[in-house]
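Presented below is the structure to which this report refers.
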Amino acid sequence: MNAENSYRLIIFSIIILHVIFLYIAGYFEIGLISDDYLNFISAESSSLYDKFHSSIPYYSNYHFRPLWFLSIDFSIYINGLLQLSKGNFILFRIENLIYFYTFGLLAAYLLKKLTGNNFLSIILFLACIIYPCNLNGICWTAGRVDLLCGIFILSSLIFCFRYFRSGSFTSLVISSVFMLLSLCTKETSVIIPFVTFLIFFISYGKAAFGKIKYLLLSEFILLLIYCVFKIFYIGNSPSDILTIYGAPGLFNRAGVILRAIVSLTVPYDYLSLQYSISSLDITFFIYILVLIITGAAIFILLKREYKLKYLSLVFIVFLFTVFPNLIAGYFRPQLILIPFVLTVLTLFIALSKTSKFKLPLKIFPVILIAFWTFLSFNLIKEWNYAYRESLKGIEELCKADIDFISSKKAFVIGLPSRYRQSSMLDYASGPFNYWCLDGFKIENEITDIIHTGALDENSLNSKIKVNILNRNEFDISVTGKTQYLLKLDSPESEFRDNETEIFFSEFNSFGKPTKAKIKFFTDDNEIFIFSNGKITKAGI
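Here this note's numbering is used: the first residue of the sequence shown is 3, the next is one more, and so on.
Laid out in structure tokens, this is it:
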């Protein structure tokens, strides 16, 4: 069997084994979670015009993602044709998995074309589909936005390679079209011109610029048109974009870079990371040791061959991949997929230029992948558990005696929102209307004002202590060992709007509040508490 056939057989075998791995871990049993419901409702309740004008119900107009919403519409349509039951989400799981493998295969193909190195191409594919944080993109149905965007970005780079080799005008046009498609999928795609230049510069040196300059020019023109469209047509204010999702200032931006670096190298959510350090988790520290040895080996190899400049270029590529998050002012592990693959791809291009990439250095990535496999299995099980627990919470919501006839507004306190890095019952109106009423549309609204999260199963649905100060004022505190309180989209310890005022206090060992004081400004409310897995109505 020749090398090319062996390569294809190995990739095919990896995919088959990975599907079996996901099946055993319970991936195909996971349904919609968190804001999946609201995203599906947004897609169903918006027209084609709405999608291309960022005027989508229940969704921020700062996000221009028409192709993503159209893909959701298509999924719902196919699901209807297949007449799958209300609780059968297998189609969405399979779709995300197909996108996931396509993304990984495109990355491996691009690296193979740029370096001719089959081993590195296979390792990149493995890393892409095994790195735990990347699997969030298939467990969380809404994660397909990163998968689709990543597919278009890599396709643009592949046709850029073809243009580089042949000078074909057709390849230039197709590469630009894929960039346009990515711009219509997610804001991350603004990185394409910069990443294209850096990847080809690292691969071929200064000569690359002369061969792809017209393609780069077309990409920058597309980027300029996109920015003008967003600012002047859709009406996105640049100053608002800088502050709407995160606190302004250099300190916060530095924090974004730090969180992105952690997500790139350590496959834990930030709270579990802090908890693993404080609890002296031996598995975590062994992983960190292997990671340090791998990093040191790469550094020494590049230094000995006078190629350390490539390491700095790899870091610059990484910075460009997280640039949209620097603008927005936030980062979380679920966003690392595209930065991870482009950064590792660039690192492997640099390593392919060395003459001493021998067996010892090849062993460490394999050890890392073994760790990632173990952690990925646990991550899938966590998402599965989070989904099952979410269904229990939804069942309680359906049984709750909520008055939707009068003008009273329904508030729910204590619904579980996070289990480790798995999302659960955010934006309760979405799952409530889907399961308790009639599918992907909003008939009745519920405001889930404060959520809980936890790092272990026993803490997740632990009792919430409630001290009723008066009709509109409550003190609440959690009792689970790793249980904590959170307010969605508000990382601050204080929150105030026209309806409520919230003060968080008594922060635990990993910096999350365990107590809160809530004040409602009107009497026209119905307040429900989710505690110990049950919903009860609060009141004097």
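Think of the CB as a built atom: it goes at the ideal place given N, C-alpha and C, for glycine as much as any other residue.
Keep in mind that this is a model prediction, so the values were computed, not measured.
Exercise. Along the chain, where does the beta strand (DSSP E) that runs through S533 open and close?
Worked result: 527-533 is the extent of the beta strand (DSSP E) around S533.
For this session: Starting from the C-beta of I16, find all residues in its chain whose C-beta is less than 7 Å away, skip the five residues before and the five after it, and write them out in chain order.
Result: Once the five neighbours on either side are set aside, the close Cβ partners of I16 are F127, L128.
Exercise. For the alpha helix (DSSP H) that G455 lies in, which residues bound it at each end?
Worked result: Annotation: G455 is outside any alpha helix (DSSP H); the continuous beta strand (DSSP E) that includes it extends over 448-456.
Exercise. What number of angstroms, rounded off, separates the C-alpha of R473 from the C-alpha of I284?
Worked result: I284 has its alpha-carbon roughly 48 Å from the corresponding atom of R473.
Exercise. Which runs of the beta strand (DSSP E) fall wholly inside the stretch 285-368 and span at least 3 residues, in chain order?
Worked result: You should have found no qualifying run.
Exercise. If we ignore side chains and look at the alpha-carbon of each, how far apart do A402 and I92 end up?
Worked result: Going by the C-alpha atoms only, they are around 29 Å apart.
For this session: Tell me, to the nearest whole angstrom, how far the beta carbon of Y39 is from that of Y436; I am working on the premise that it is less than 8 Å.
Result: The beta-carbon distance between Y39 and Y436, rounded to whole angstroms, is 5 Å. This is short enough to meet the 8 Å contact definition.
Problem set entry | DSSP bridge partner residues for P418 (one or two, in chain order) | DSSP lists T454 as partners of P418.
Exercise. Under three-state DSSP, which class holds E475?
Worked result: DSSP places E475 in strand when its eight states are reduced to three.
Exercise. Cβ of I176 less than 9 Å from any chain C Cβ?
Worked result: Among the chains of the structure shown, chain C does not appear; only one protein chain is present.
For this session: Return the chain-ordered list of same chain residues with a C-beta closer than 7 Å to the C-beta of F102, the five sequence neighbours on each side being excluded.
Result: Answer for F102: I131, G139, I140, L149, listed in chain order.
Exercise. Under the rule that 16 or more other beta-carbon atoms within 10 Å means buried, what is P240, buried or exposed?
Worked result: P240 comes out exposed.
Problem set entry | DSSP state of A388 mapped onto helix, strand, coil | Collapsing the DSSP output to three states places A388 in a helix.
Exercise. By how many angstroms is the C-alpha of L304 removed from the C-alpha of L353?
Worked result: C-alpha of L353 to C-alpha of L304: approximately 8 Å in a straight line.
Exercise. What are the boundary residues of the beta strand (DSSP E) that includes L267?
Worked result: The sequence given here places Thr at residue 267; Leu does not occur at that position. No beta strand (DSSP E) holds T267; the alpha helix (DSSP H) holding it covers 252-267.
Exercise. Taking DSSP as the reference, what is the three-state secondary structure of P195?
Worked result: In this structure, P195 counts as helix in the three-state DSSP scheme.
Problem set entry | Sequence-distant residues of its chain with Cβ nearer than 8 Å to D405 (five each side left out) | Counting only Cβ-Cβ distances below 8 Å, and skipping sequence neighbours, we find A412, E528.
Exercise. Does the stretch 328-343 come close enough to the stretch 298-318 that 3 or more CB-CB pairs lie under 8 Å?
Worked result: Fewer than three pairs of CB atoms, one per stretch, sit closer than 8 Å, so the stretch 298-318 makes no contact with the stretch 328-343.
Problem set entry | Per-residue burial, R575 [other beta carbons within 10 Å of its own, 16 or more giving buried] | Outside the displayed span of the chain (3 to 542) sits residue 575, for which this structure offers no information.
Problem set entry | the stretch 57-64 touching the stretch 95-112, judged by at least three CB pairs closer than 8 Å | Here the stretch 57-64 does not lie against the stretch 95-112, with fewer than 3 beta-carbon pairs under 8 Å apart.
Exercise. Are the Cβ atoms of Y165 and L113 separated by less than 9 Å?
Worked result: Contact annotation: Y165 and L113 have beta-carbon atoms that are not nearer than 9 Å.
For this session: Give the DSSP-derived three-state secondary structure of R167 in the structure shown.
Result: Three-state DSSP puts R167 in a helix.
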